[in-house]
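Peer 1: Quick one: the structure is below, questions incoming.
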Amino acid sequence: MRFVVIAAVSFAAASAFAGTAEAAAPACANPSALGVARTVEIDTTGGPGFGLEHYKAYDFLQPREVVLTFDDGPQKFATEGVLAALAAECTKATFFTIGKMALGYPEIIREVAHAGHTVGTHTWSHKPIAKLKTFEEGRDEIERGISAVKRAVGGPVAPFFRFPTLVDTKAAVEYLGKRNIAMFSTDIDSFDFKLQPPDKLVQSVMDKLEKKGKGILLFHDIHKNTAKAIPLLLTALKDKGYKIVHLTAKAPLETLAEYDALIEKDTKGLPQVGADRPTSSVVKTISGEAPASETAPAEMAPPAAAQQQLTVAPAPTAPVAATPAVPAPSAPAAATEPTPAAAEPVIKASEATPAAPSPSPVATVGEPGTTASITPRAEGADSDKSGATKSYIELAKEFWDAWFGK
Ligand SMILES: [Zn+2]
């Protein structure tokens, strides 16, 4: 039997928002780590686009520079595995997060933010915006996603957005431009939702990278296969002399009050106070075997998997009770995961490139260094019918079911 104790230790947020250059950067315990070669700060004024697959205005990466991006999370096991792999190599990535998922697993998206990664958004429920009947529906998907992720993180997020299935629309591109939100496509799509096992996935990505020489890589932190592949990928990148570029935003994204209010209705019980404390400072094993997450150095500790606690009725100053762990659905074996939605109909994307602000929106803020038609991609379609009256846990469960089946 294991006993847990709820400690009342305060934890100061180390970053102004999830995606600034000033975000937390714990000391690296691995002398041969891949690390971060360069951190860039992006001025998102006017909604610049990045990722040469679709947006060609800003080719900011130098030869052998790589940006790591992860979509569709957070998810139990997968995101946690990815975080542990990134921490072991002291490197940084950008997460394009689904609003529903973030509300379902707020402790995981907070781990992402606290580790110094950049948190962007990827809509509320992953509906392909180009297939929605009206612009208003698309705007709702975008804005609800932003407000939800901000609520789950417990602070502002980066004005970085990726379209579900990488398909934009002219109206949505214009809208994001007015909201000063940068759009991210990709240079190399890993197709990690279908390529297995991990070593095959890594080989495929490295082959593509060798041809292009650099690029923004796209993965999904909802697949266990991906989580298993990332340590291998980071080793391969290091062996081949690639360098990681970390994306940050010049300013945080302001949410819209009407969408914040909408999200608040969904999040009754989700704690605000203490939201920025790591699980290991709240829940400590005092009898029985402590998990690695408690005993490892803080900066290397993967999020606790077995005994994550979600306080559902927080007191004003401290969490009050150990509650049953988040009811995560049992994870299916990677080998049996159904591939989400096979090929989707090809939709010619907007050729429009967002107006280029001048000068370049990308500036290196780390070590000195140097200085954006959509191809639809098979990705999971969401079966949400609208969840204004459902709990955030139910919403996350629905999303999981849509991906992996019940
Ligand atoms: Zn996606």
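Note that the numbering used here has the sequence shown beginning at 83, numbered continuously upward. Even for Gly, the Cβ is constructed at its ideal location relative to N, Cα and C. These numbers come from a predicted model, not from an experiment.
1. Who are the near neighbours of G295 in its chain, counting only those whose CB is closer than 7 Å to its CB and skipping five residues on each side?
2. Which class does S114 belong to by DSSP, given the choice of helix, strand or coil?
3. Output yes if chain D places a C-beta closer than 7 Å to the C-beta of V327; else output no.
4. Starting from A311, trace the beta strand (DSSP E) both ways and give me its first and last residue.
5. To the nearest angstrom, how far is the alpha carbon of L150 from that of V255?
6. Do A240 and L185 count as a contact pair if the criterion is CB distance below 7 Å?
7. Assess, as a yes-or-no matter, whether the region 318–333 is touched by the region 106–123 under the definition of 3 or more beta carbon pairs within less than 8 Å.
8. Whose CA, out of V447, S114, L134 and T179, lies closest to the CA of D303?
9. Along the chain, which unbroken stretches of the alpha helix (DSSP H) at least 4 residues long are found entirely within the region 234–279?
10. Comparing alpha-carbon positions, which option in L314, E336, G259 and K293 lies nearest L283?
11. Over what stretch of residues does the beta strand (DSSP E) that includes D153 continue unbroken?
12. So is E193 buried or exposed if we call it buried at 16+ other beta carbons inside 10 Å?
13. Quick one: Cα of V447 to Cα of G370, how far?
14. In this structure, what does DSSP give as the bridge partners for A331?
15. Go ahead and label G323 buried or exposed: buried means 16 or more other beta carbons lie within 10 angstroms of its beta carbon, across all protein chains shown.
16. What did DSSP end up calling F159 once you bin it into helix, strand or coil?
17. Might you give, ordered along the chain, the residues of its own chain that have their beta carbon closer than 7 Å to the beta carbon of P246, omitting 5 neighbours on each side?
18. Cβ of P188 versus every heavy atom of ligand 1: is any distance shorter than 6 Å?
19. Residues in its own chain within less than 6 Å of S286 by CB, not counting five upstream and five downstream?
20. Go ahead and pull the three-state DSSP assignment for V365.
21. In angstroms, rounded to a whole number, what distance separates the CA positions of T349 and N262?
22. Can you find a heavy atom of ligand 2 that lies under 6 Å from the Cβ of H305?
23. Measuring alpha carbon to alpha carbon, tell me which of A109, I312 and E340 ends up nearest A197.
24. Check the DSSP bridge columns for K325 and list the partner residues they point to.
25. Under three-state DSSP, which class holds V201?
26. When we look at the beta-carbon of E189 and count the other beta-carbons within 10 Å, is it buried (16 or more) or exposed?
27. Could you give the DSSP three-state label for V164: helix, strand or coil?
28. With a threshold of 6 Å, establish whether the CB of P246 neighbours any heavy atom of ligand 1.
29. Between which two residues does the beta strand (DSSP E) harbouring I298 extend?
30. For D342, is the beta carbon positioned less than 6 Å from some heavy atom of ligand 1?
31. State the DSSP-derived secondary structure class of K350, mapped to helix, strand or coil.
32. If you measure from the CB of D274, is any heavy atom of ligand 1 nearer than 6 Å?
33. State yes or no: is the C-beta of D154 nearer than 6 Å to some heavy atom of ligand 1?
34. Going along the chain, which residues of its own chain have a beta-carbon closer than 6 Å to the beta-carbon of Q157, five neighbours each way excluded?
35. If you draw a straight line from the alpha carbon of L335 to that of F243, how long is it in whole angstroms?
36. Relative to the C-alpha of K320, which residue among G133, L291, Y137 and F177 is closest?
Peer 2: Short version:
1. In the sequence shown, residue 295 corresponds to position 213, counting from 1. Same-chain partners within the cutoff: P145 and R146.
2. Sequence index remark: in the sequence shown, residue 114 carries index 32 (1-based). Three-state DSSP puts S114 in coil, outside helix and strand.
3. The chain labelled as chain D is not found in the depicted structure, where only one protein chain is given.
4. Counting from one through the sequence shown, the residue named residue 311 turns up at place 229. Premise fails: A311 lies in the alpha helix (DSSP H), K306 to D321, not in any beta strand (DSSP E).
5. Residue mapping note: residue 150 aligns to position 68 of the sequence shown, counting from 1. Residue mapping note: residue 255 aligns to position 173 of the sequence shown, counting from 1. Taking the straight line from one Cα to the other gives about 23 Å.
6. For this step, residue 185 is matched to residue 103 along the sequence shown. For this step, residue 240 is matched to residue 158 along the sequence shown. No, they are not a contact pair.
7. yes
8. Within the sequence shown, the letter at position 221 stands for residue 303. Cα-wise, what sits closest to D303 is T179.
9. 252–260
10. Counting from one through the sequence shown, the residue named residue 283 turns up at place 201. Selected option, being the one with the closest Cα: L314.
11. Taking the first residue of the sequence shown as 1, we reach residue 153 at position 71. Here the beta strand (DSSP E) through D153 covers E147 to D153.
12. What you label residue 193 is simply residue 111 of the sequence shown in a count that begins at 1. Buried, since its Cβ has 16 or more Cβ neighbours within 10 Å.
13. As a working mapping, residue 447 is identified with position 365 in the sequence shown. As a working mapping, residue 370 is identified with position 288 in the sequence shown. Approximately 46 Å, taken between the alpha carbons.
14. Looking up residue 331 in the sequence shown gives position 249. Paired residue(s): I124.
15. Stepping through the sequence shown from its first residue, residue 323 is reached at position 241. Answer is exposed; the Cβ neighbour count stays below 16.
16. For this step, residue 159 is matched to residue 77 along the sequence shown. In this structure, F159 counts as coil in the three-state DSSP scheme.
17. Along the sequence shown, read from residue 1 onward, the residue named residue 246 stands at position 164. Excluding positions up to five away in sequence, the list reads H204, T205, H208, K209, P210, I211 and E461.
18. Indexing the sequence shown from 1 puts residue 188 at position 106. Answer for P188: no, Cβ out of range of ligand 1.
19. For the purposes of this step, residue 286 is taken as the residue at position 204 of the sequence shown. Counting only Cβ-Cβ distances below 6 Å, and skipping sequence neighbours, we find L277.
20. Working through the sequence shown from its first residue, we reach residue 365 at position 283. Here V365 sits in strand by DSSP.
21. Counting from one through the sequence shown, the residue named residue 349 turns up at place 267. Counting from one through the sequence shown, the residue named residue 262 turns up at place 180. Between T349 and N262, the C-alpha separation is close to 27 Å.
22. With respect to ligand 2, the structure offers nothing, as its ligand set consists of ligand 1.
23. Numbered from its first residue, the sequence shown carries residue 197 at position 115. The candidate whose alpha carbon is nearest that of A197 is A109.
24. Here residue 325 is taken as the residue at index 243 of the sequence shown, counted from 1. Note: K325 sits in a beta bridge opposite E147.
25. Along the sequence shown, one-based indexing puts residue 201 at 119. DSSP places V201 in strand when its eight states are reduced to three.
26. In the sequence shown, the residue the question calls residue 189 occupies position 107. Per the 10 Å Cβ criterion, buried.
27. If you number the sequence shown from 1, residue 164 lands on position 82. V164: helix per DSSP, three-state reduction.
28. Here residue 246 corresponds to residue number 164 of the sequence shown, with the count starting at 1. The answer is yes for P246.
29. Within the sequence shown, residue 298 is the residue found at index 216, counting from 1. From DSSP, the beta strand (DSSP E) with I298 extends over G297 to H302.
30. Reading the sequence shown from its first residue, position 260 is the one you call residue 342. The answer is no for D342.
31. Start at 1 with the first residue of the sequence shown, and residue 350 comes out as number 268. K350 falls in the coil class under three-state DSSP.
32. What you label residue 274 is simply residue 192 of the sequence shown in a count that begins at 1. Checking the Cβ of D274 against ligand 1 gives no.
33. As a first step, residue 154 is located in the sequence shown; it is residue number 72 there, counting from the start. For ligand 1, at least one heavy atom lies less than 6 Å from the Cβ of D154.
34. The residue you call residue 157 lines up with position 75 of the sequence shown. Excluding sequence neighbours, Q157 sits near I304.
35. Counted from its first residue, the sequence shown places residue 335 at position 253. Counted from its first residue, the sequence shown places residue 243 at position 161. Taking the straight line from one Cα to the other gives about 11 Å.
36. Position 238 of the sequence shown, counted from the first residue, corresponds to residue 320. When each option's Cα is compared against that of K320, the closest is L291.
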